[in-house]
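Residue numbers (the working numbering): 1 to 121.
The C-beta atom is built at its ideal place from N, Cα and C for all residues, glycine as well.
What follows is a single structure, written as structure tokens, with notes after it.
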Amino acid sequence: MLFKRFAPLVLAGLMPLAAAAQQNVEVTFRFKENPNSISGCIQMDSSFTREHTFKIANGQAEVKSAGGIDVKMKLIRPNVYQGTFNLGRMNIIYTADLGATPPTLVAQSQDGGCKWNAVKA
1 MLFKRFAPLV
11 LAGLMPLAAA
21 AQQNVEVTFR
31 FKENPNSISG
41 CIQMDSSFTR
51 EHTFKIANGQ
61 AEVKSAGGID
71 VKMKLIRPNV
81 YQGTFNLGRM
91 NIIYTADLGA
101 TPPTLVAQSQ
111 DGGCKWNAVK
121 A
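And the structure:
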């Protein structure tokens with residue numbers, strides 16, 4: 001009985017979240033050099049400090065840059081997307097947090113030795 005009473009309220013509360021998940025979004029980020037990265041990573045800064053565009057279109061999320069980076073991303077928790085880019089022998093994990101203020105984009109190697117933080121452009 002109690003469930004029947006509150007089910008419509010719960011569904012009504014979830015509707016805005018479902019609508020937000022289907023909206024098209026585009027956010028431009030610019031990575032900054034991270035002096036804490038190991039020296040081999042700093043050599044790749046020119047590729048990562050280019051402008052990156054995070055986009056959600058028709059329910060599909062991705063990050064692209066003029067440097068040839070094209071990463072399909074999946075929702076891992078509300079407003080947070082993650083995807084992996086294979087860079088030779090190194091996998092770079094991209095994480096976009098649209099719920100943060102301001103929104104953030106982080107690229108880091110699987111071992112955490114290389115890391116770049118982006119700010120909304």
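Under the 10 Å beta carbon count, L75 is surrounded by fewer than 16 other beta carbons and is classified as exposed. Sorting Q43, S39, R50 and G40 by C-alpha distance to the C-alpha of F29 places R50 at the top. Residues of the same chain with a CB within less than 8 Å of the CB of T84, apart from the 5 flanking positions on each side, are V71, N91, I92, I93 and Y94 in chain order. Less than 9 Å divides the Cβ of H52 from the Cβ of A118. Per DSSP, G99 lies in no beta strand (DSSP E) and is assigned neither H nor E.
Between I38 and G88, the gap from beta carbon to beta carbon reaches 9 Å or more.
Using a Cβ distance threshold of 9 Å, E26 and I56 count as a contacting pair.
In the displayed model, G112 falls within coil according to three-state DSSP, outside both helix and strand.
With a minimum length of 3 residues, the unbroken runs of beta strand (DSSP E) contained wholly in the region 42-83 fall at 51-57, 60-65 and 70-77. Around the CB of A61, 16 or more other CB atoms lie within 10 Å, so the residue is classed as buried.
With a 10 Å radius around the Cβ and a threshold of 16 neighbouring Cβ atoms, A107 comes out buried.
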